[in-house]
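K.L.:
The structure follows.
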Amino acid sequence: MSMFSTGVLVLTSPLHVLPLRIAPVLTSAAQVVERTLYVHLHPGLNLSTGGQVRPVYIPPVVDLCSLISRLYSNAADICGHLDVRVLLTNIRSQSGVSSATSNVPFPTPQTLSHSPEVVLTDFPIQDPGQSCPVTQCLKRYAGHCYVCTPGLSSVLLQPTLEEVTSEEDDDRGGRKETQLQSFTDVVVGGTFDRLHGAHKTLLNISCLLANRRFVIGVCDQELLKNKVLKELIEPYDHRVHRLREFLNDVKPSLKYEIFPLSDPFGPSISDPELQCIVVSEETRRGGEAVNRKRVENSLAELVLYEIQLLKDAHHADIEEEKISSSSLRTRLLGTLLKPPSPRSDLSPDPYVIGLTGGSGSGKSSIALRLEGLGAARIDCDQLGHEAYLPGTSAYHKVLQEFGSDIINEDKTINRRILGGKVFGNQERLKALTDIVWPEIALLVKKEILLAKQQGKKVCVVDAAVLLEAGWTHLVHEVWVATVPEEEAVKRIVQRDGVKEEDAVRRLKSQWPNAKLVECANVVLCTLWEPDVTQRQILKAWNLLQQRIQETKEEHRSTENIHS
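In this text, residue positions in the sequence shown follow this note's numbering: the first is 563, and each later residue adds one.
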């Protein structure tokens, strides 16, 4: 079966049966769609009439909230690679429909962020002969609702589904569905990093509850300081862009207001028009705090609408049991965050990794572990000592620049005295690094050549100043080791026996983690137990071997073209 980038799934099963069908339907849909899957709800839709089938408004009932939660939870378990979005344009109570729009939720087809290339459905067919008219009817129906790509394909998922039976099927006529309470203005807050199923559940249900305006506070600045792997959090503008795209797809009729949050409350404690705040089990106390502030500000309390957390069936030992952004960031460790720049000037053999990180980051322990996997380890700290040895080019240049009073009795350079001459003086420090760093780079090149002669396939250049010194031209990829600053301070104090303020001062003189991570192809974190670090390194190493093979094949292709 052909694969499509974007599809829209039209669910026609009765609302009380859909929770049982979601898992097999998503499993089948994931075999057809590979990127974005829109979900359109129309319980009871009959596609076998052969005539024109038009979309109608579906009343927002309480069961819809649990269905949406179930759908996103199942999607995370079954097809986590898909960007699933539940569309709500046709979900509205009849009382909320103006006479101008009547019963037509789509006066013109809605334009989605990604145009559907295929429409799928769970509609059951009793006779194979129905397949053709049903698929044609399905395509016409989808065309009434959404702007689709020309030559829209259609797929009936029913043949690949297991038959789901329910004792409730026989008495569904007697079921009384409870109408969902709605509000003119609704507010939520969150980080919304790497928009996932739990975020989408929160946003979708909030859109269901809101009739006019939806206010979203997005954590920024101070509120990110204590987040796990905060350096891997997407930039604020990127998170807002993803939010707007998702929300405009889900319910374009709402007015969306998105604010940066630098404190826990934002507009929720000052906006008099807000009526409801949507919270989860773990953020309910925050909602209650909002209401206490509103009372202090002489504003009406907000209705707290609580949704359930989504369990993460794939969580690891260091991850949260719920679906969370911190778990997703943890899973990025050891993976390729961005592709390396093409390096036609570098031989792919050996493949050179530049490993850097701040003091106390565990960088050198990672280098040793990579050496244990077969890499040649090049210690730039050791090469730095060699660069200062008597007789070297750097040795004579340093003496000329800083004077002979830095020489010990054995003619070696006294690094402590030299350090005193450059400490706190950026101009003098630059004069020193301008001499030493190029010499260290030459030594690194020699070590790489030696590793090649020894048959090594991978070199790891362990260099604290890899980026500051501009040595990236020597490596194929940049890997960054990181830990939170407070952990680095604790390690420096224990390892070097210095005072805490001295450890902090040392870290402040180095590039911050965020700046290092911006330049990284791969990020590793040694915050947890050694076996967790080893798992990251093994993952990074195995993925690296795949990239090395691809690079060699590309290099051979280039050579063949030029030969």
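Glycine included, C-beta positions come from ideal geometry on N, C-alpha and C.
Since the structure is predicted, the reported quantities are computational estimates derived from the model, not experimental observations.
In chain order, what residues of the same chain lie with their CB nearer than 7 Å to the CB of residue 673, ignoring the 5 residues before and after it?
P.N.:
By 1-based counting over the sequence shown, the position of residue 673 is 111. Cβ within range, chain order: 709.
K.L.:
Given residue 824, which residues of its chain have a CB within under 8 Å of its CB, disregarding the five upstream and five downstream residues?
P.N.:
Your numbering for residue 824 matches position 262 in the sequence shown. Counting only Cβ-Cβ distances below 8 Å, and skipping sequence neighbours, we find 782, 783, 784, 785.
K.L.:
DSSP on residue 1010, reduced to helix/strand/coil?
P.N.:
If you number the sequence shown from 1, residue 1010 lands on position 448. Residue 1010: helix per DSSP, three-state reduction.
K.L.:
Residue 914 and residue 1038 look like a contact to me (Cβ under 8 Å); what is the Cβ gap, rounded to whole Å?
P.N.:
One-based indexing of the sequence shown puts residue 914 at position 352. One-based indexing of the sequence shown puts residue 1038 at position 476. Indeed they touch by this definition, with Cβ atoms about 5 Å apart.
K.L.:
Comparing alpha-carbon positions, which option in 798, 788, 808, 814 lies nearest residue 773?
P.N.:
The residue given as residue 773 occupies position 211 in the sequence shown. The option with the nearest alpha carbon to residue 773 is 814.
K.L.:
Helix, strand or coil: how does DSSP classify residue 730 here?
P.N.:
In the sequence shown, the residue the question calls residue 730 occupies position 168. Bear in mind that the predicted position of residue 730 carries a pLDDT of just 44, short of 50, making it unreliable; the figure below should be weighed with that in mind. If DSSP states are grouped into helix, strand and coil, residue 730 belongs with the helices.
K.L.:
When burial is assigned at 16 or more other CB atoms within 10 Å of the CB, is residue 683 buried or exposed?
P.N.:
Position 121 of the sequence shown, counted from the start, is the residue given in the question as residue 683. Buried.
K.L.:
Quick check on DSSP: helix, strand or coil for residue 1075?
P.N.:
What you label residue 1075 is simply residue 513 of the sequence shown in a count that begins at 1. DSSP places residue 1075 in helix when its eight states are reduced to three.
K.L.:
Straight-line CA distance for residue 730 to residue 575?
P.N.:
Walking along the sequence shown from the start, residue 730 turns up at place 168. Walking along the sequence shown from the start, residue 575 turns up at place 13. Residue placement at residue 730 is flagged as unreliable, the pLDDT there being 44, under the threshold of 50; the coordinate-derived value follows with that caveat. When rounded, the distance between both Cα atoms is 13 Å.
K.L.:
Count the other CB atoms within 10 Å of the CB of residue 946; is the residue buried (16 or more) or exposed (fewer)?
P.N.:
As a working mapping, residue 946 is identified with position 384 in the sequence shown. It counts as buried.
K.L.:
If you scan the region 1048-1098 from start to end, which runs of the beta strand (DSSP E) of 3 or more residues do you find wholly inside it?
P.N.:
1084-1087
K.L.:
Helix, strand or coil for residue 1024 per DSSP?
P.N.:
Taking the first residue of the sequence shown as position 1, residue 1024 is located at position 462. The answer is strand: DSSP assigns residue 1024 an E or B state.
K.L.:
Residue 671 and residue 629 look like a contact to me (Cβ under 8 Å); what is the Cβ gap, rounded to whole Å?
P.N.:
The count along the sequence shown starts at 1 and reaches residue 671 at position 109. The count along the sequence shown starts at 1 and reaches residue 629 at position 67. Incorrect: roughly 25 Å between the Cβ atoms, too far for contact.
K.L.:
Taking C-beta to C-beta, are residue 758 and residue 616 nearer than 8 Å?
P.N.:
Locating residue 758 in the sequence shown gives position 196, counting from the first residue. Locating residue 616 in the sequence shown gives position 54, counting from the first residue. No; because the gap between Cβ atoms is not below 8 Å, this pair is not in contact.
K.L.:
Classify residue 773 as helix, strand or coil using the three-state DSSP reduction.
P.N.:
Translated into the one-based positions of the sequence shown, residue 773 becomes position 211. It is a strand residue.
K.L.:
From which residue to which residue does the beta strand (DSSP E) around residue 683 run?
P.N.:
Numbered from its first residue, the sequence shown carries residue 683 at position 121. Counted as a single uninterrupted DSSP element, the beta strand (DSSP E) harbouring residue 683 occupies residues 680-683.
K.L.:
What's the call for residue 740, buried or exposed, on a 16-neighbour Cβ count within 10 Å?
P.N.:
Here residue 740 refers to the residue found at position 178 when the sequence shown is read from its first residue. Exposed: under 16 other Cβ atoms inside 10 Å.
K.L.:
Between the C-alpha atoms of residue 1104 and residue 906, what's the straight-line distance to the nearest angstrom?
P.N.:
Numbered from 1 along the sequence shown, position 542 holds the residue referred to as residue 1104. Numbered from 1 along the sequence shown, position 344 holds the residue referred to as residue 906. Rounded to whole angstroms, the separation of the alpha carbons of residue 906 and residue 1104 is 23 Å.
K.L.:
Could you please give me the residues that DSSP links to residue 1001 through a beta bridge?
P.N.:
Position 439 of the sequence shown, counting from 1, holds the residue named residue 1001. Looking at the DSSP assignment, residue 1001 forms no beta bridge with any residue, so it has no partner.
K.L.:
Using the three-state DSSP reduction, which class does residue 822 fall into: helix, strand or coil?
P.N.:
Counting from one through the sequence shown, the residue named residue 822 turns up at place 260. It is a strand residue.
K.L.:
So, at 7 Å on beta carbons, what are the nonlocal neighbours of residue 890 in its own chain, with the 5 sequence-adjacent residues on each side left out?
P.N.:
In the sequence shown, the residue the question calls residue 890 occupies position 328. Excluding five sequence positions before and after residue 890, the CB atoms of its chain that fall closer than 7 Å to its own CB belong to 756, 758, given in chain order.
K.L.:
Out of curiosity, what's the CA-to-CA distance linking residue 732 and residue 849?
P.N.:
Mapped onto the sequence shown, residue 732 falls at position 170. Mapped onto the sequence shown, residue 849 falls at position 287. Note on residue 732: pLDDT 47, under 50, position unreliable in the model; the coordinate value appears next. Approximately 42 Å, taken between the alpha carbons.
K.L.:
Near residue 735, which residues of its chain fall below 6 Å by C-beta distance, leaving aside the five closest residues on each side in sequence?
P.N.:
Start at 1 with the first residue of the sequence shown, and residue 735 comes out as number 173. A caution first: residue 735 carries a pLDDT of 48, below 50, which makes its placement in the model unreliable, though a value can still be read off. Excluding positions up to five away in sequence, the list is empty.
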